[in-house]
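Residue numbers (the numbering used here), protein chains in the order written: chain A, 1 to 340; chain B, 341 to 680; chain C, 681 to 1020. By construction, the Cβ of each residue, glycine as well, lies at the ideal position given by its N, Cα and C atoms. These notes are about the structure you will find just below.
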Amino acid sequence: MKVEEIARLVGGHREGDGNREITGVAGLENAGPTEITFADGARALEQAARSHAGCILVPEKSSVGGQTTIAVKHPKLALIQATEAILAKAKLEAGIHATAVIAPGARLADVYVGAYAVIEEGVNIGARSSIGAGAILRRGVEIGSDCILHPQVTIYPGARIGSRVVVHSGTVIGADGFGYVFADGRHHKFPQLGQVVIEDDVEIGSNTTIDRGSLGNTFVGQGTKIDNLVQIAHNVRIGRHCVIAAQTGISGSVEIGNYVVIGGQVGIGDKVRIEDQVTIGAQAGIPTGKIIRRGSAVWGTPARPMSEFKKTHAQISNLPNLAKKVKELSRTAGKQGSAK
Amino acid sequence: MKVEEIARLVGGHREGDGNREITGVAGLENAGPTEITFADGARALEQAARSHAGCILVPEKSSVGGQTTIAVKHPKLALIQATEAILAKAKLEAGIHATAVIAPGARLADVYVGAYAVIEEGVNIGARSSIGAGAILRRGVEIGSDCILHPQVTIYPGARIGSRVVVHSGTVIGADGFGYVFADGRHHKFPQLGQVVIEDDVEIGSNTTIDRGSLGNTFVGQGTKIDNLVQIAHNVRIGRHCVIAAQTGISGSVEIGNYVVIGGQVGIGDKVRIEDQVTIGAQAGIPTGKIIRRGSAVWGTPARPMSEFKKTHAQISNLPNLAKKVKELSRTAGKQGSAK
Amino acid sequence: MKVEEIARLVGGHREGDGNREITGVAGLENAGPTEITFADGARALEQAARSHAGCILVPEKSSVGGQTTIAVKHPKLALIQATEAILAKAKLEAGIHATAVIAPGARLADVYVGAYAVIEEGVNIGARSSIGAGAILRRGVEIGSDCILHPQVTIYPGARIGSRVVVHSGTVIGADGFGYVFADGRHHKFPQLGQVVIEDDVEIGSNTTIDRGSLGNTFVGQGTKIDNLVQIAHNVRIGRHCVIAAQTGISGSVEIGNYVVIGGQVGIGDKVRIEDQVTIGAQAGIPTGKIIRRGSAVWGTPARPMSEFKKTHAQISNLPNLAKKVKELSRTAGKQGSAK
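Following this line, the structure appears as structure tokens:
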């Protein structure tokens, strides 16, 4: 793809050689003469001058002396567009591997299935979806079109997954929730009969676990992105376009709104409600039943508003001073007392 | 199953139509006229009046106008009993899938084995156990009767598992513990030759890891329930009827008593001893070698008694006030000094 | 193997029966008359007097009355050497299982491959490496010699792994990093085109996730040991001979030096730089962009120097006293005021 064509595609302003052929994508430091990269921010633009990249996407009104650049409003977003165009998506091998075990009643429309995948009775998979090697789709699972299930994904019976969903290896969807009733000196398992429902355009990382609902459903809304090793318990409801970083744990019946951003290793207690556009800092802990109001940012355990957390932290750091002052005051007070 | 029969089964007091046929189980909000549900607590009982459920399990001495109810001591427990009766457990497909690889010396008594499961030499599986698709049982693994190993479970050589144990997908039992000796500028692996022993009635969630002992064994006692993504290190000993929530990590040689309840994302350091009936709040951290006394409840990092933790937290929140007061006192003291 | 031979092997000083035959290894409490064990520290040496072990490795200049012992500089290290000699490494079954799916272009030199493993086009595996049952090596993966990949490991296309690397079950190497650009009300996936490069002598636990780089590579240096359920994000660079305990999460583009020791459940924010020989306490949290200086030890969230953390913690525990003192001072100050 020529630089000129890429400039047109991303709607940007080109400087330098429009005829240069671009065949790959790389980072600013490593990109070679047939690769495109991007530079955003003062430091990156400085580095860009020394880059060997064939073409650099830069912010509007910036240019880099001696380099072929395309100036756009959002260079990182433009790189996404350029990448999709340059690397025409790796064509999936067509067809179904001879070793895949597919139940007679499963319906697969123009689908790729890898070696040793197991697709049980009543499964329904939409067009152009790809089921990786060793993946297991149990009875009645529904998968939309254009999905990618990477190797070794396991989906328990009845889960429903939308279109353009990506699930990475080792992730388990629809296992029983963790619910017991304690009686007669032991834990009795509460029925885990609900489903997992995942909407379109969701991406789920590796080795994540999303449990089925106990009586209702566990739900993940459209466009939400979930990282590796995340735990989503039974009956959790997550809205649209959220981002949930690695190793976060979300307890039973938590409700999360839309456009919520959750850092890594966050813990959210049972029945917490998190409203739209909330931001939760990494490792924060939100106690059972709490409500986090729309648009707020919280951090710490138990989680407090970010500004309060920072203030408190500063005051904790200042404790030695405070203690010293109190000691002085006590001494002075003692002297005053004895002076009388 | 008729409402009358369910009432007899759970030993409850029926009000309303005893002849109604119940074929399923659902939540209070979604249950329809052929489904049973439960209501416990004032708010749920209020909701119950508007429910379309065919039958509602309620606490003793409560009734819900216009509804068919069964009053019992413990509605949630009664729902468990009713569910087991109504949904006669989904019959497992009989037999062994043609693609399962089973070593000639393995002994399997009336067992279900899914597609592409691998069962190595010397494995012994008790009656009515179910080994899911793609599960791998290595040399000499022992499994009791009536177990369910879901698809993709991996069990390393020699682990011993009791009866009625459930293990969810992606869980790895018996991998090497994490033990090294540092010498000559590198880490030398310490022998990991012990076993994992899991007693009867244990349930283990998805993608959990339980390492083998280094020289002794790692042990999980009867009736203990372990959630998803939990880490149990080498030589840990866990007692009976404990509950361990998701993403908790238990370091090497920790000893845990009976009836211990551990919240999510708790971290327990090497050689900690936790006595019977302890409760540990979510995200707590227990430093290496600590002893947590019988029946206590702890929270925070480093973990302190729950009441102390709450008091401390209140005092931390009050730090701005305290700092202000000290400032005022300093000013007053200064004035008094200058007044003299 | 005779005690005398073991003494020669580990370069130690024997006391007692040199002709005794040793066939196994066990812990101090359980070792029998044909087993070797070790005792280090006063308490263990006391216990050693009552041991039934055939031979006990003890520190130089110590002896245990009535026992056959070998005195060495480092007993635990000597046990590692003895174990390797006594338990001649379990011979791997030779050859490739008939059910393994191996692409015609894959190159395997004298390798063991288990049942239902899948090895795709362009994979290259060095001599004496072992690929467990159900493991999946995607296009172009490179594995050195003498590696052990346990069952159910998944490696995405193009990852490069050195020699003598051990990877435990359920671990996923090379899945897409978690990078999105938010625009037009949704998250656009940033290209994840880099690789994972793992050097020689690395060991990786179960169900760990190591993501590929987005544009550059994710890198793990020689001799580094990684525990279970660890998350390593895209473009992370980890040096040589580090130890990373279970459930730790390392965010994107973090740089870690050599000989770094990281406790369990640590969280490290984006672009943090950790210099050589740093120690990080369990559950610590290191905020985005921080630099932790060479040789320092840190703990807490946000992480502070260990000594400061402990001091601060003591001061927090002393808050009730401090508050009481301030109250008294206020009362006195009030009286003084009113006395005037």
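Taking C-beta pairs closer than 7 Å, name the residues in chain A that residue i reaches, listed in chain order.
i, result
"D907 of chain C", "Near D907 of chain C there are no residues of chain A at all, since even the closest Cβ is about 13 Å away, more than 7 Å."
"R866 of chain C", "G223 and H241"
"G367 of chain B", "L215 and G216"
Indicate whether residue i and residue j have their beta-carbon atoms separated by less than 8 Å.
i, j, result
"T564 of chain B", "V537 of chain B", "no"
"E355 of chain B", "S402 of chain B", "no"
"I702 of chain C", "I766 of chain C", "yes"
"V803 of chain C", "V781 of chain C", "no"
"V298 of chain A", "A284 of chain A", "yes"
"P784 of chain C", "G812 of chain C", "no"
"G194 of chain A", "N547 of chain B", "no"
"Y520 of chain B", "V923 of chain C", "yes"
"G604 of chain B", "V618 of chain B", "no"
"G394 of chain B", "T423 of chain B", "no"
"A411 of chain A", "G929 of chain C", "What the structure shows of chain A is the stretch from 1 to 340, and residue 411 of chain A is not part of that stretch, so it cannot be assessed."
"D380 of chain B", "K413 of chain B", "no"
"V272 of chain A", "G289 of chain A", "yes"
"G134 of chain A", "G814 of chain C", "yes"
"V600 of chain B", "G621 of chain B", "no"
"L569 of chain B", "T209 of chain A", "yes"
"G707 of chain C", "G556 of chain B", "yes"
Taking CB distances under 8 Å as the criterion, tell me whether residue i reaches chain A.
i, result
"T898 of chain C", "no"
"I884 of chain C", "no"
"T619 of chain B", "no"
"T439 of chain B", "yes"
"L659 of chain B", "yes"
"Y452 of chain B", "no"
"T423 of chain B", "yes"
"G352 of chain B", "no"
"A673 of chain B", "yes"
"F718 of chain C", "no"
Mind pulling the chain B residues with CB within less than 7 Å of residue i?
i, result
"P982 of chain C", "The contacting residues do not exist; P982 of chain C stays about 13 Å from chain B at best."
"S251 of chain A", "G604"
Taking only beta-carbon atoms, is residue i less than 8 Å away from chain C?
i, result
"A53 of chain A", "no"
"P531 of chain B", "yes"
"L555 of chain B", "yes"
"T549 of chain B", "yes"
Roughly how many angstroms separate the alpha carbons of residue i and residue j, rounded to a whole number?
i, j, result
"A323 of chain A", "I316 of chain A", "11 Å"
"T37 of chain A", "L79 of chain A", "7 Å"
"I136 of chain A", "H867 of chain C", "28 Å"
"T68 of chain A", "T494 of chain B", "53 Å"
"A339 of chain A", "G947 of chain C", "Only weak support is given to the placement of A339 of chain A: the predicted model assigns it a pLDDT of 45, under 50, and the question is left unresolved by the model."
"I292 of chain A", "V166 of chain A", "29 Å"
"A438 of chain B", "L385 of chain B", "52 Å"
"I736 of chain C", "Q532 of chain B", "18 Å"
"G561 of chain B", "D567 of chain B", "15 Å"
"K650 of chain B", "A382 of chain B", "28 Å"
By the criterion of Cβ-Cβ separation under 7 Å, what are the contact partners of residue i in chain C?
i, result
"Y156 of chain A", "Residues of chain C passing the Cβ test: none, with the nearest at roughly 17 Å."
"Q283 of chain A", "G947, G965 and T981"
"S342 of chain A", "The structure shown does not extend to residue 342 of chain A, since chain A spans only 1 to 340, so no value can be given for it."
"Q571 of chain B", "N908, L909, A926 and Q927"
"I131 of chain A", "Residues of chain C passing the Cβ test: none, with the nearest at roughly 13 Å."
In chain A, which residues lie with their C-beta within 9 Å of the C-beta of residue i?
i, result
"V666 of chain B", "L322, K325, V326 and L329"
"G814 of chain C", "Y116, G134 and Q152"
Residue i versus chain A: which residues are under 8 Å apart at the beta carbon?
i, result
"K651 of chain B", "Near K651 of chain B there are no residues of chain A at all, since even the closest Cβ is about 14 Å away, more than 8 Å."
"L417 of chain B", "V181, A183 and H188"
Tell me, please, whether the CB atom of residue i is closer than 8 Å to any CB atom in chain B?
i, result
"I841 of chain C", "no"
"I996 of chain C", "yes"
"I760 of chain C", "yes"
Interface residues of chain B around residue i at Cβ under 8 Å?
i, result
"D915 of chain C", "In the sequence as displayed, the identity of residue 915 of chain C is Asn instead of Asp. By Cβ distance, chain B contributes nothing, its closest Cβ being about 24 Å from N915 of chain C, past 8 Å."
"N710 of chain C", "L555 and G556"
| field | Touch test, the region 835-843 of chain C against the region 806-823 of chain C, Cβ-Cβ under 8 Å, three pairs minimum | value | yes
| Would the region 900-920 of chain C and the region 852-863 of chain C be scored as touching if the rule is three or more Cβ pairs under 8 Å? | yes
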